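*Asks:* My questions all concern the structure below.
Residue numbers (my numbering): 284 to 528.
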């Protein structure tokens, strides 16, 4: 029925326009940043600590650290690129297969569509009009099956390049943190202490922010992230000391 000049459908559209949901939509970017910064903070940190344990000059540690950051950024970025490309290829293959099935066995696909809707508590007499409506629009039907049957979203064509750059830049940003003291402190014994303090603080902050954005306990994430980084650097430092002795 119409009320105040509006039908129920029009009122629902007005409510949707007035209602603004705040969701964090860039989960893939956040994931790439977490991967890059996490490894960037930990690996060069462990390398620098290990070389410090071997009493290597601060300048040598810095050169080795920068070389590792460069190599790591390229390797991690390439890994992110290939992973995103693999996801896109997988989506394309599944899209083609689903498209062929809609054409060759439409009744089977319609039954699968009904089964999907029934999982949400929708009765057959309720979902049959929906299935019929989808069958009249093959593109929407295909999109529906890709998303709800296979759980696949259409990938962004720029996703691979974006992932590679995000991971690489994040790795470099994280990797420069533990190396910063070696740029200004000539003695490796003093530089490693400053590096440990700065990196542990950075790991705590990073873990807190990561926990906040991923919906986990920020304080728990901060402690876990710092603990992992500390253990990695301590292991590298002790191994270098043992072999040097």
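C-beta: ideal position from N, C-alpha, C; glycine also. Here the structure is a predicted model, which is why all the values come from computation and not from measurement.
Considering residue 495, what are the terminal residues of the alpha helix (DSSP H) in which it resides?
*Replies:* 471–497
*Asks:* Under a Cβ-count criterion, where at least 16 other Cβ atoms within 10 Å of its own Cβ denotes burial, should residue 385 be classed as buried or exposed?
*Replies:* Classification for residue 385: buried.
*Asks:* Helix, strand or coil for residue 413? Go by DSSP, reduced to three states.
*Replies:* In this structure, residue 413 counts as helix in the three-state DSSP scheme.
*Asks:* Taking one C-beta from the segment 409–418 and one from the segment 380–399 each time, how about it: are there three or more such pairs within less than 8 Å?
*Replies:* yes
*Asks:* Helix, strand or coil: how does DSSP classify residue 465 here?
*Replies:* For residue 465, the secondary structure class from DSSP, reduced to helix, strand or coil, is helix.
*Asks:* Put residue 380 into one of helix, strand or coil per three-state DSSP.
*Replies:* helix
*Asks:* Expressed to the nearest angstrom, what Euclidean distance is found between the alpha-carbon atoms of residue 345 and residue 465?
*Replies:* When the Cα atoms are used, residue 345 and residue 465 turn out to be separated by approximately 6 Å.
*Asks:* Would you identify the three-state DSSP class for residue 354, choosing helix, strand or coil?
*Replies:* helix
*Asks:* For my contact list, residue 491 and residue 502 are in at a C-beta cut-off of 8 Å; report their separation, rounded to the angstrom.
*Replies:* 7 Å
*Asks:* If we call anything under 8 Å between Cβ atoms a contact, is residue 332 one with residue 519?
*Replies:* yes
*Asks:* Going straight from the alpha carbon of residue 513 to that of residue 329, what length do you get?
*Replies:* Distance between the alpha carbons of residue 513 and residue 329 is about 8 Å.
*Asks:* In chain order, what residues of the same chain lie with their CB nearer than 7 Å to the CB of residue 425, ignoring the 5 residues before and after it?
*Replies:* Result list for residue 425: 381, 382, 385, in chain order.
*Asks:* Where does residue 320 sit, in a helix, a strand or coil, going by DSSP?
*Replies:* helix
*Asks:* Within 10 angstroms of its Cβ, does residue 462 collect 16 or more other Cβ (buried), or is it exposed?
*Replies:* Counting C-beta atoms within 10 angstroms of its own C-beta, residue 462 has 16 or more neighbours from the protein chains shown and is therefore classed as buried.
*Asks:* From what residue to what residue does the alpha helix (DSSP H) around residue 421 run?
*Replies:* 421–431
*Asks:* Just how far apart, CA to CA, sit residue 371 and residue 438?
*Replies:* 6 Å
*Asks:* Which same chain residues end up closer than 8 Å to residue 341 when comparing Cβ atoms and leaving out the 5 residues on each side of it in sequence?
*Replies:* 465, 468, 469, 470, 471, 474
*Asks:* Could you say if the segment 452–462 and the segment 310–321 meet the contact criterion of at least three C-beta pairs nearer than 8 Å?
*Replies:* yes
*Asks:* What residue from 406, 523, 449 has the CA that sits closest to residue 363's CA?
*Replies:* 449
*Asks:* Could you check whether the Cβ of residue 314 sits closer than 8 Å to any Cβ belonging to chain B?
*Replies:* The chain labelled as chain B is not found in the depicted structure, where only one protein chain is given.
*Asks:* So, are the CB atoms of residue 325 and residue 515 less than 8 Å apart?
*Replies:* yes
*Asks:* Buried or exposed, going by whether 16 or more other CB atoms sit within 10 Å of the CB of residue 446?
*Replies:* buried
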